[in-house]
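Asks: Same order as they appear, the protein sequences are chains A and B.
Note that full-length UniProt numbering has the first sequence beginning at 1, numbered continuously upward.
Note that full-length UniProt numbering has the second sequence beginning at 1, numbered continuously upward.
We put the beta carbon where it would ideally sit given N, CA and C, even for glycine.
One structure, as structure tokens, below. Some questions next.
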Amino acid sequence: MLRLITCQHATLLLEKRADGALPKEQRASLWLHLRYCPYCNRYAKQTVLIAEWARAAAASRAHSAATLSEAAKERMRQRLRATG
Amino acid sequence: MTPATPVPALWPDRFGDELYRFALSRVSDADVAEELVQETFLSALDGLTTFRAEASERTWLFVILRRKIIDHYRRQARATQVSLDDLSENGAAEADFFTPENGHWTGPQAPASWLNADAALEQQELHEILQRCQERLSPQQGAVFAMRFVEELSAEEICQELGLSSANYWVIVHRAKLQLRRCLEKHGLGKK
Numbered sequence: 001m002l003r004l005i006t007c008q009h010a011t012l013l014l015e016k017r018a019d020g021a022l023p024k025e026q027r028a029s030l031w032l033h034l035r036y037c038p039y040c041n042r043y044a045k046q047t048v049l050i051a052e053w054a055r056a057a058a059a060s061r062a063h064s065a066a067t068l069s070e071a072a073k074e075r076m077r078q079r080l081r082a083t084g
Numbered sequence: 001m002t003p004a005t006p007v008p009a010l011w012p013d014r015f016g017d018e019l020y021r022f023a024l025s026r027v028s029d030a031d032v033a034e035e036l037v038q039e040t041f042l043s044a045l046d047g048l049t050t051f052r053a054e055a056s057e058r059t060w061l062f063v064i065l066r067r068k069i070i071d072h073y074r075r076q077a078r079a080t081q082v083s084l085d086d087l088s089e090n091g092a093a094e095a096d097f098f099t100p101e102n103g104h105w106t107g108p109q110a111p112a113s114w115l116n117a118d119a120a121l122e123q124q125e126l127h128e129i130l131q132r133c134q135e136r137l138s139p140q141q142g143a144v145f146a147m148r149f150v151e152e153l154s155a156e157e158i159c160q161e162l163g164l165s166s167a168n169y170w171v172i173v174h175r176a177k178l179q180l181r182r183c184l185e186k187h188g189l190g191k192k
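Here it is as structure tokens:
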């Protein structure tokens, strides 16, 4: 039986789908919903983009020019000497 | 060449900046990032015997730091745990996005087209907006989002770390995404 689902449910299923296969019935319901709902169609693409950007943004921040202050390094050296 | 035996006293100079940048890319607060690096060094020192000479010292330190970052997210999420009742009342927080009667997008919340999303904004700008939007999530949502989409832990691992049921996990992920999507759209992505 193909069940009609709401946008609220469809967007939740989209998140679950990204994480692994959905059971057959939910997959069919989602497919049908996406056939006629332009908004959830957009959401489907956008939610994937958000995940990609979050990864890319963190990776690019990891290549910033930030450095530890000399004082911070000295504090760390002292702790390491004291503990070591 | 990397010496076979790690020399802890040299760690801050040899690896400090790189570890710090990585930590800062995850937690954005400089003091917290510094603390994570310090904890990483101390844990490494504590676990020197577990270091295997054939591994790289740098990789080993990064593994420890990553664990520290996940611990940090866990504390962040647990300190502000939303009550289970609140989470299971699906309607309440999502009524903002969906009409309670029929579960369809409420007019103003319906996703706009992001057709030119990549072109409209400089990548740097996009990343900054996303970071700001992430910071506006509740601490629990922010932690779950980062664990899932930045650290790429599985749903199962996150539930275990945070003591969440699978149903609650999905509610949190769903709401975090709905809010981020809306925040991004408000800050330039939906513009034609």
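Between the alpha carbons of glutamate 185 of chain B and glutamate 15 of chain A, how many angstroms are there, rounded?
Replies: Going by the C-alpha atoms only, they are around 19 angstroms apart.
Asks: Name, please, each residue of chain B whose Cβ falls closer than 8 angstroms to the Cβ of tryptophan 53 of chain A.
Replies: The answer, in chain order, is Leu126, His127 and Leu130.
Asks: Could you run through the stretch 16 to 41 of chain A and flag, in chain order, every residue whose CB is less than 7 angstroms away from some CB of chain B?
Replies: Listed by position along the chain: Lys16, Asp19 and Tyr39.
Asks: Give me the Cβ distance between threonine 47 of chain A and lysine 177 of chain B, rounded to the nearest whole Å; I'm assuming they're in contact under 8 angstroms.
Replies: Right, their Cβ atoms sit about 5 angstroms apart.
Asks: Does the CB of leucine 80 of chain A have a neighbour CB from chain B at under 8 angstroms?
Replies: By this cut-off, leucine 80 of chain A is an interface position.
Asks: Do the stretch 53 to 73 of chain B and the stretch 15 to 26 of chain B meet, that is, are 3 or more Cβ pairs less than 8 angstroms apart?
Replies: Yes, since at least three Cβ pairs between the stretch 53 to 73 of chain B and the stretch 15 to 26 of chain B fall closer than 8 angstroms, the two stretches touch.
Asks: Taking the alpha-carbon positions, what's the threonine 99 of chain B to leucine 12 of chain A distance?
Replies: If you take the alpha carbons of threonine 99 of chain B and leucine 12 of chain A, they lie about 15 angstroms apart.
Asks: Is the beta carbon of histidine 63 of chain A within less than 7 angstroms of some heavy atom of the ligand FAD?
Replies: For the structure depicted, the ligand FAD is absent and the ligand set is empty, with no information on it obtainable.
Asks: At the 8 angstroms Cβ level, is leucine 4 of chain A part of the contact set with chain B, yes or no?
Replies: Not an interface residue.
Asks: Report the neighbours of alanine 66 of chain A on chain E: residues whose CB is nearer than 7 angstroms to its CB, in chain order.
Replies: Checking the listed chains, one finds no chain E in this structure; the protein chains it contains are A and B.
Asks: Got a sec? Which residues, its chain only, sit under 8 angstroms from leucine 48 of chain B by beta carbon, not counting five neighbours each side?
Replies: If we look at leucine 48 of chain B and ignore the five residues flanking it on each side, its Cβ neighbours are Pro6 and Pro8.
Asks: Going residue by residue through the UniProt domain "RNA polymerase sigma-70 region 2" (14 to 78) of chain B, where are the continuous alpha helix (DSSP H) segments of at least 4 residues, counting only ones entirely within it?
Replies: Correct list: 30 to 46.
Asks: Answer yes or no: does any C-beta atom of chain A fall closer than 8 angstroms to that of leucine 164 of chain B?
Replies: No, leucine 164 of chain B does not count as interfacial toward chain A.
Asks: Can you give me the C-alpha to C-alpha distance between alanine 34 of chain A and tryptophan 170 of chain B, rounded to a whole angstrom?
Replies: A small fix is needed here, since residue 34 of chain A is leucine in this sequence, not alanine. In a straight line, the C-alpha of leucine 34 of chain A is about 20 angstroms away from that of tryptophan 170 of chain B.
Asks: Tell me the DSSP bridge mates of tryptophan 105 of chain B?
Replies: B:Phe98, per the DSSP bridge assignment.
Asks: Should the stretch 134 to 150 of chain B be called in touch with the stretch 25 to 45 of chain A, which here means at least 3 C-beta pairs below 8 angstroms?
Replies: Output reads no: the stretch 25 to 45 of chain A does not touch the stretch 134 to 150 of chain B.
Asks: Using the three-state DSSP reduction, which class does proline 8 of chain B fall into: helix, strand or coil?
Replies: Proline 8 of chain B falls in the helix class under three-state DSSP.
Asks: Just checking my contact of alanine 77 of chain B with valine 144 of chain B at CB under 8 angstroms: how many whole Å lie between their CB atoms?
Replies: With 8 angstroms as the limit, alanine 77 of chain B and valine 144 of chain B qualify as a contact, their Cβ atoms being about 6 angstroms apart.
Asks: Hey, glutamate 172 of chain B and glutamine 140 of chain B: beta-carbon distance below 8 angstroms or not?
Replies: Inspection of the sequence shows that residue 172 of chain B is occupied by isoleucine rather than by glutamate. It is a contact, given that the beta carbons lie within the stated cut-off.
Asks: Under 6 angstroms Cβ to Cβ from isoleucine 129 of chain B, same chain only, skipping five residues before and after it: list those, please.
Replies: Within the same chain, isoleucine 129 of chain B has close Cβ partners His187.
Asks: Less than 8 angstroms between the beta carbons of alanine 146 of chain B and tyrosine 73 of chain B, yes or no?
Replies: Going by C-beta atoms, alanine 146 of chain B is nearer than 8 angstroms to tyrosine 73 of chain B.
Asks: Strictly below 9 angstroms CB to CB, what residues from chain A border glycine 16 of chain B?
Replies: Under the 9 angstroms cutoff, chain A gives Thr67, Leu68, Ala72, Lys73 and Met76.
Asks: Are the C-beta of aspartate 12 of chain B and some C-beta of chain A separated by less than 8 angstroms?
Replies: Note that residue 12 of chain B corresponds to proline in the displayed sequence, not to aspartate. Yes, proline 12 of chain B counts as interfacial toward chain A.
Asks: Which chain A residues sit within Cβ distance under 8 angstroms of leucine 178 of chain B?
Replies: Residues of chain A passing the Cβ test: Thr11.
Asks: Using the C-alpha atoms, what's the distance from alanine 93 of chain B back to leucine 162 of chain B?
Replies: Using only the alpha carbons, I get a separation of about 21 angstroms.
Asks: Could you check what DSSP says for glutamate 128 of chain B in three-state terms: helix, strand or coil?
Replies: Residue state, collapsed to three classes: helix.
Asks: Give the DSSP-derived three-state secondary structure of serine 165 of chain B in the structure shown.
Replies: Correct three-state label for serine 165 of chain B: coil.
Asks: Residues in the same chain with beta-carbon distance under 6 angstroms from leucine 42 of chain B, minus the five sequence neighbours each way, listed in chain order, please.
Replies: Excluding positions up to five away in sequence, the list is empty.
Asks: State yes or no: is the beta carbon of asparagine 168 of chain B nearer than 8 angstroms to at least one beta carbon in chain A?
Replies: Not an interface residue.
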